[in-house]
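Peer 1: Residue 267 in this note's numbering sits at position 267 of the sequence shown, and the numbers go up by one each step. For glycine and all other residues, C-beta sits at the position ideal for the given N, C-alpha and C. Before I ask anything, let me first share the structure, which is written out below as structure tokens.
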Amino acid sequence: MTIFEKFMWGLERSLVYGLIGKSSEAIFSDYAVKAWNGEIPHVGLSKEIRKEEKSWISTQNLIELENVFKTSGSTLQKVAIIGISGSGRTTLAKQYAIDYEEKMKEQPARIRTVFFADMRDEDTFSRAYRKLAEALEVKAPLTASEETIIKKVNKKLKRRPHWLFVVDNVNVENYEKLQKFLPNNGEGQILIVTSDNLGGVKSFDIQSNTLTTQEALEIFNRNLGKNHWAYEQADSSKCDLAKELFYLPLAIKQAAIHLKDTQRNNSFETAIRSYIVKLKEIVGISAEVPLCSIDDLTRIIKAVHSLSVEECEQRQSESKTLLSILSFLNPCFIDHSILQSYFEKHANDASLFNDALNLLSRYSLIARVGKNGWEVHSSLQDLLAEKAIKEGIELPEALENLLVVLKDNFELDMRSASGLNKPKAIENQVETLLEQAKKYNIQEKLKPCFVHLYNVLGNHYLQSNNFFEACQAFEKSLKLVNVQITDTTADQICENLKAHKELPALCAQALHYLGKVYFHTQGLDQAKKYFQKAIEIQKIIRAKPDAYDTPNRFDFLIFQRQGIGWALLEGDKKDLLDAEELYLNLFKQNPCIPAGQSDPFNERYCNIQLSRVYLKLAQQEADKVKKEEYYEKARKRIETGGEEKGVSFQGAIHIKDQSDSQHVKKGEMYLVLGELYLDENCPFRDLKKAQGYFKEAARLSKTDLMIGAKSEYYLASLYLEKGFSNQGWDALTEAIQLFNKIGGKGLTRRHPKFLEEAEKIKTRETFKMLSL
């Protein structure tokens, strides 16, 4: 960044945040700031939907659908595409959305807002709606109701009136629930994908507007492939097949893929006729009766799928292992790791996973979504469920097996940087699986699995600084076990949940991590209540080992060390002295391991926290002698080591732990040391040492934004104090960027107190440049 660029950057921030001597609160709204910078966010379709476009053909129906909107006769337009699953209704909706978005791009003055969501279940839709709210830069407290969020979204949409809402898988029942989410202002459009006639909504019946013969032939040949020997042959037979399949796009596609294996020495016409005969046998009609004449066209789709499933199972018997769970999962996105984990547990030969998956992909029973995902068609899911019942497979038992695999493979402990993103795999599956458990009436039996998975998901959001979604997940855990913290004692919670020995411990985890959510969002009093309740439950569990199980033997330690201990560190002198006692006791002996055994990780963590305690006590202490004693104690706990009541201990930086290379907070001790040597009242203040420690903290903290941001902030202060303006400016810029990221994702953001100070320094440095 050149001096001029730095000046302009600083000037811009000065205009936004106020001049020196004024509050650094924004004098423009977030929206105005974005407008000032030319950065008003457009909200568009996902990359995954955009990538699908390559496999589609353009049809006359897109033009017809546009005409329906044009003739709806009102500013706010609402249209429903009606058709069965497999009729091309969702593809048409996506094509319309892409076309709409492209037309908006041609009008730069209009802000694009295109929202595509699935109403398969209300919770999945609600989460997608909250992501829209986040994209629109809506801010809401943790306790915000759904109605509050809807009002805020509608307020944002008033400023961007040209929006499009597309909602898939709507039916008569969930349409009523959907109503409250639909905007009612501006010049927007609402496109609903459904199989039902919805009262008061103008409809486009896709089955009354079937593909043309040429369009059907194009779909068939595209899926057959240009290099296939029959690409330019048997067009008449291909068209006959399309007619038999009632011109259903999905059926035509699957038929073409199935027929790709026809050998060149065979007649393709004969292969098509044979294929039609097999379909009729499955449907249960005679060879003379046209397939398209049957009343229920979904039977055609299922028959086509049946032949593909049968072919895959014959070619690779292990493909049955994957097919057995597809009906339970959210079909829109199935993470690769879920399929692999289940296959490795239940297949006869785990080494055949890639072979089985590739075979299903080849027959388009499963299709790639993004880098790590797969999707299946809902019509295939229906067929697989029916097939399992016919074969005598106990679906509740199969669902239970899947949940157990997920419970075993997704852990709550995220100390390792490599595990931070793993739980994202279950993000859109837990709600769907819970609905499946309710369907088969086994939700009570599987309650520990679901509470655990919600806790894992909540902790994933927490680690990602998405506090609103974290709160949602942990509250769902507590709702599943009917726990209300305000009017229930720890004894009552344990007694009420004793039917499942591990449920009280899982409930305690939800309470503890919900406390962390409130701790990070400035709800300290509320956080303390959750922390304390979690510890009380753990005490009961530890006192009654025959009655209760705990999935993580370190919970009792973690709840104290990284729960109530954190809260005490934010308090007054009495709280700090309580924190000292707590961490000294935990340092002496980890209560979760046998007496006499050492725990290097725990010892190092407690030393870091004790150093924080002593540094804060030193800063509050008026007596000079005691103040210096506290500073020295802070140094001993991390750097030099010492003695405590006749027992020697090592400084944190000298304690080696197996998790060193992967631990997400390995730079923390260097940050605390840097703060100690930077403190202006520290008797051994050393700016050179402080600088070195901050550099090391920044280097080691790629996965912990707060440690990295604070380190860069302190480095900037040091550089500027020494007159190194360029280095100071660069470090300050990096710190501000990191602090802004720490604000988090989602609807509830936190504002690090250091961010305001960093902005003030930036403004001050800008005006120094002005005076040169």
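(1) If you pair each beta-carbon of the region 260-275 with each one of the region 231-241, do three or more pairs fall below 8 Å?
(2) Let's test the definition: count the other Cβ atoms within 10 Å of the Cβ of His654 and tell me whether it reaches 16, buried, or not, exposed.
(3) Inspect the beta-carbon positions of Thr521 and Thr748 and report whether they are closer than 7 Å.
(4) Tell me where the alpha helix (DSSP H) around Gly674 begins and ends.
(5) Determine contact between the region 373-390 and the region 320-333, defined as no fewer than three beta-carbon pairs at a distance below 8 Å.
(6) So, are the CB atoms of Tyr530 and Leu511 less than 7 Å apart?
(7) When the Cα atoms are used, what is the spatial distance from Leu524 to Tyr454?
(8) Start and end of the beta strand (DSSP E) containing Arg368?
(9) What is the C-beta distance between Gly746 and Phe467, in whole angstroms, given that I count them as a contact (C-beta under 8 Å)?
(10) Between Leu755 and Glu318, what straight-line distance do the alpha-carbon atoms span, to the nearest angstrom?
(11) Got a sec? Which residues, its chain only, sit under 7 Å from Gly565 by beta carbon, not counting five neighbours each side?
(12) May I ask you to report which of helix, strand or coil DSSP gives Glu375?
(13) Leaving out the 5 sequence neighbours to the left and right, which residues in its chain are closer than 6 Å to Ile276 when beta-carbon positions are compared?
(14) Cβ atoms of Asp196 and Val166: under 7 Å apart, would you say?
(15) Between Ser701 and the rest of its own chain, which residues show a CB-CB distance below 6 Å, the 5 nearest in sequence each way excluded?
(16) Examine the Cβ distances between the region 437-457 and the region 482-492 and report whether three or more of them are shorter than 8 Å.
(17) From the DSSP output, in three-state form, read off Glu644 for me.
(18) Rounded to whole angstroms, what is the Cα-Cα separation between Trp36 and Met119?
(19) Here's the rule: buried if 16 or more other CB atoms are within 10 angstroms of the residue's CB, otherwise exposed. What is Leu770?
(20) Taking all protein chains shown into account, decide if Asn602 is buried (16 or more other Cβ within 10 angstroms of its Cβ) or exposed.
(21) What runs of the beta strand (DSSP E), each 3 residues or longer, lie entirely inside the region 178-227?
(22) Grab me the residues of Lys539's own chain with a C-beta within less than 8 Å of its C-beta, minus the 5 sequence neighbours each way, in chain order.
(23) Between which two residues does the alpha helix (DSSP H) carrying Ala800 extend?
(24) Start and end of the beta strand (DSSP E) containing Trp566?
(25) Return yes when the C-beta of Thr703 is under 6 Å from any heavy atom of the ligand FMN, and no when it is not.
(26) Could you spell out where the beta strand (DSSP E) holding Leu164 opens and where it closes?
(27) Going by C-alpha to C-alpha distance, which of Asp123, Ala133, Glu122, Thr124 sits closest to Val114?
(28) For Ser764, is the classification buried or exposed, using 16 other Cβ atoms within 10 angstroms of its Cβ as the cut-off for buried?
(29) Report the CB separation of Gln189 from Gln107 in whole angstroms; it is logged as a contact under 8 Å.
(30) In this structure, what does DSSP give as the bridge partners for Val114?
(31) Which residue or residues does DSSP assign as beta-bridge partners of Asp335?
(32) Would you mind reading off the limits of the beta strand (DSSP E) that contains Lys588?
(33) Going by DSSP in three states, Ile485 sits in which element: helix, strand or coil?
(34) Going by CA-CA distance only, name the one from Glu680, Gly515, Lys762 that's closest to Glu475.
(35) Taking the beta strand (DSSP E) that Lys78 belongs to, which residues open and close that run?
(36) Anyone know if the C-beta pair for Leu732 and Leu705 falls short of 7 Å?
Peer 2: Reading it off the structure:
(1) With contact defined as three or more Cβ pairs closer than 8 Å, the region 260-275 and the region 231-241 are in contact.
(2) exposed
(3) yes
(4) 668-678
(5) yes
(6) yes
(7) 23 Å
(8) 367-369
(9) 6 Å
(10) 55 Å
(11) Ala579, Leu582, Tyr583, Gln609, listed in sequence order.
(12) strand
(13) Glu244
(14) no
(15) Gly667, Ile707, Gly708
(16) Not touching, per the Cβ criterion.
(17) strand
(18) Reliability of the predicted coordinates at Trp36 is poor, the pLDDT of 39 falling under 50, and the value obtained from them is presented with this limitation in mind. CA-to-CA, the gap between Trp36 and Met119 works out to about 37 Å.
(19) exposed
(20) buried
(21) 189-194, 202-205
(22) Ala490, Phe556
(23) Outside the modelled stretch of the chain, which goes from 1 to 772, sits residue 800, for which no answer is possible.
(24) Looking at the DSSP string, Trp566 is not in any beta strand (DSSP E); the run it does join, the alpha helix (DSSP H), is 565-569.
(25) As for the ligand FMN, it is missing from this structure, which has no ligand bound.
(26) Note, Leu164: beta strand (DSSP E), 163-170.
(27) Ala133
(28) For clarity, residue 764 is Arg in the given sequence; the question names Ser instead. Exposed, since its Cβ has fewer than 16 Cβ neighbours within 10 Å.
(29) The pair is not a contact, with the Cβ atoms about 15 Å apart (cut-off 8 Å).
(30) Leu164
(31) Gly373
(32) From DSSP, Lys588 is part of no beta strand (DSSP E) but of the alpha helix (DSSP H) over 573-588.
(33) Three-state DSSP puts Ile485 in coil, outside helix and strand.
(34) Gly515
(35) 77-82
(36) no
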